[in-house]
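Residue numbers (my numbering), protein chains in the order written: chain A, 1 to 359; chain B, 360 to 873.
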């Protein structure tokens, strides 16, 4: 009989090992899935995990990896602060859109003036936009006790409508021959987030790295980070310790909103280039997975963001090269999260095998 | 007394890392009230769970009236004639008494018949109870009656009672004892689990004492002194806390007209409390659980904010200040619930040291945590209060109750408070740790700290406090010097509604006059 026995304290070793094991188990289960679909499993796994990094066209895919990972990491870092404190911002996608709109709005307003001040202004506007959008669920929760999960999620759909109206109206390119979408910011030197488009570097990647470092320092060295962790682990103890819940809620929601807004702003001024109806591609939701995959730990999130970006790019390659259905790739990504969460049990419990006793 | 009802021979039950019961043998005679005595963790619960069929022994046998007894589950145990009243009630607040009783029955009779039987049993055994009252409105003592009646309806031969008096006032205890004696006279044996020695001496015919899972002795309680039983229980001589005489200091904590609505709907409203605590004095506040103890602690720790002038420390109004501002002014607190309130279970001891020590121990500078200093503070607590743990890296929940309580109390004491508020400082703590904690509180008072000790353990309050008051439904009785009090008076202060009302009116008259 297999029994689970609670460990006296969570195992540090297993909390590092389980993500690695989860990836391996996902490869095995995914391989079986691909084999059942009549594909060569080894080749499929190699296409997803190996080719983007070390294959023939890796020089093209490696920068792509950072382009995909940067917004995921930036958003997930912000979300992880709230998740650690038990504050569930599910609406990062909306904050991402509003941040992009505010940032792009500033850039478009200055067009075609060239100045080094424009881009910093856009960064501030993008962050503030995301922050303000996240303050709506924050203030409603603090003031009226509403559920931040529902409010932030529903505001995503509001933001999408706002995006559509901007792309079709206010921000539409006057020289765009009537097509929806704004001017292309990546062609506007003062407003683009690209550092070097040829090698695929943009400021969002720098921001993601800075966010990882700051979040690490905050959580491990600062009393505010301690209060965040304390509130998540023992809310009553946090109150006893002197943490003001309302202030913490506003801080966590505000920070995650601002980071999501920044991610949107860097995206709209770089890889995406313009405000268009289908500008958002679900980074705000995928970042939730990234945050948990990375154990809500800044360094873990960095690695998880890169891994997630890898499965996206590798998955696209597998679709086009091997003809795997898109659904199979999505199942594969889902399995990754599933196995990670399932194996989590090993950090808190140990498995004992024992013969069934008879009295 | 005739013959043996239940014979227990060599019962052993091991859990990973601990032998809960090691070769325990004893007999429960027919028509006997048998005490099972031991500290927390001595193995009492495991033993009765085996009798009640909740846990299977690894080895050993039980014999029920000369027949082998191996209950596979509680249903089998009940069928054989074992009833059990648990320490924590399993009742639904929203249902009435009869409905709650029906839920525990295999084939409940129609509600009207059941109600009649409940009335019948309750009158026979002196347990007044209306079958149609909602359980949520009942006092702790009345809820216990529901549990007892639920057992009695099955006509048990052996009734197991786990710490039944921990929620009762002295008067309610007397009523319960009458009932138990009556049951014994009618042929029911009772296995009575407790660590309250005087009760056992007053009630029980025989006592079995467990220590660390072993049966360390049996005795006839009425012929044995409480001290001897305590020493068998602890396995050594017991240190009685000593106090040194001291002069009255200045008033440090002054609570005037403290009223507070509870944060949660099942809490108790505090109603116009008045008291003062002087430097070097211990004020003990007794009362049955749920009469405002948690709310009072929250009001004093700063978790709940009150009217500004309701609480003063050295003349400064602090009612409107949060926990950290109060700590800065020297008023510290240690809540009852160790895990999750006083300490974060999954955080290590240095993080838990930071939890309340950040302000007074200057563990942060410009918001950044000085972790080496926090670890030093944790180590200081661990060594000063003899906390048995491998080190400050251990998670709080890995510590035993006594060790974590020593850590929690020690953490506040080492911050050198002017006022210390503790709630249930020795709840669920083994006797030697409890003695250490009481001694530490007395020493702290001797150094000039004003201490407010909220507790449901009357013996503890009588032992360490200078003055005593009782909380009842969020009201505070008159506060009187402990040396003048008898246990009957204490009981009246705790639960006697008339005495309370008189005291209350008296108080208001004084106010009106002032």
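Just so you know, even glycine gets a beta-carbon here, dropped at the ideal spot from N, CA and C. Note that the coordinates shown come from a computational prediction; the quantities given were computed from them, not determined experimentally.
Secondary structure of residue 614 of chain B, DSSP reduced to three states: strand
Under DSSP, the beta strand (DSSP E) around residue 393 of chain B begins and ends at which residues? 392-396
Within the 7 Å Cβ cut-off, does residue 782 of chain B reach chain A? no
So that I know if they touch, is there some Cβ in chain A lying closer than 7 Å to that of residue 651 of chain B? no
Selection of the segment 210-238 of chain A by Cβ proximity to chain B, strictly under 7 Å: 221, 222, 223, 224, 226, 230, 233, 234, 236, 237
Grouping DSSP H, G and I as helix and E and B as strand, with all else coil, what is residue 16 of chain A? helix
Best match in B:526, B:515, B:516, B:476 for proximity to residue 500 of chain B [C-alpha to C-alpha]: B:526
Given a cut-off of 7 Å, decide if residue 632 of chain B and residue 835 of chain B are closer than it, judged by their beta-carbon atoms. yes
So the alpha helix (DSSP H) residue 54 of chain A belongs to, where does it begin and stop? 51-54
Along the segment 1-16 of chain A, what residues have a CB closer than 8 Å to any CB found in chain B? 5, 8, 9, 10
Chain A contact residues for residue 727 of chain B, given Cβ-Cβ distances below 7 Å: 221, 222
Ends of the alpha helix (DSSP H) at residue 348 of chain A? 345-348
Does residue 349 of chain A have its Cβ less than 7 Å from a Cβ in chain B? no
Determine, for residue 240 of chain A, whether the minimum Cβ-Cβ distance to residues of chain B falls below 7 Å. yes
Do you know how far the Cα of residue 224 of chain A is from the Cα of residue 244 of chain A? 11 Å
Residue 87 of chain A, buried or exposed, once every other Cβ within 10 Å from all chains shown has been counted against 16: buried
Taking C-beta pairs closer than 8 Å, name the residues in chain B that residue 244 of chain A reaches, listed in chain order. 681
If contact means a Cβ-Cβ distance below 9 Å, which residues of the segment 704-717 of chain B contact chain A? 704, 705, 706, 707, 710, 711, 713, 714, 715, 717
Where residue 658 of chain B meets chain A, residues with beta-carbon distance less than 8 Å: Correct list: empty, because the minimum Cβ distance to chain A is about 13 Å.
Assigned exposure category for residue 42 of chain A - 16 Cβ within 10 Å defines buried: exposed
Please determine, among A:148, A:321, A:299, the residue with the shortest C-alpha to C-alpha distance to residue 19 of chain A. A:299
If the cut is a Cβ gap below 8 Å, which residues of chain A does residue 662 of chain B touch? 239, 240
CA-to-CA distance, residue 767 of chain B to residue 271 of chain A, given in whole angstroms: 54 Å
If you follow the beta strand (DSSP E) that residue 421 of chain B is in, where does it begin and where does it stop? 418-423
Buried/exposed call for residue 416 of chain B, threshold 16 Cβ in 10 Å: buried
What three-state label does DSSP hand residue 584 of chain B in the structure shown? coil
Residue 177 of chain A, buried or exposed, once every other Cβ within 10 Å from all chains shown has been counted against 16: exposed
Taking its Cβ as the centre, do 16 or more other Cβ atoms sit within 10 Å of residue 481 of chain B, making it buried, or is it exposed? buried
Figure out for me which residue from B:462, B:810, B:613 has the closest Cα to the Cα of residue 678 of chain B. B:613
Quick check on residue 350 of chain B: does DSSP put it in helix, strand or coil? Outside the shown range of chain B, which is 360 to 873, sits residue 350 of chain B, and nothing can be said about it.
Quick check on residue 377 of chain B: buried or exposed, where buried means 16 or more other Cβ atoms within 10 Å of its Cβ? exposed
Rounded to a whole number of angstroms, what is the C-alpha to C-alpha distance between residue 254 of chain A and residue 126 of chain A? 13 Å
Please decide whether residue 751 of chain B counts as near chain A, where near means a Cβ-Cβ distance under 7 Å. no
Among B:675, B:830, B:696, nearest to residue 690 of chain B - alpha-carbon criterion: B:675
CB-CB length for residue 611 of chain B against residue 778 of chain B, believed under 8 Å: 6 Å
Is the distance from the Cβ of residue 293 of chain A to the Cβ of residue 340 of chain A below 7 Å? yes
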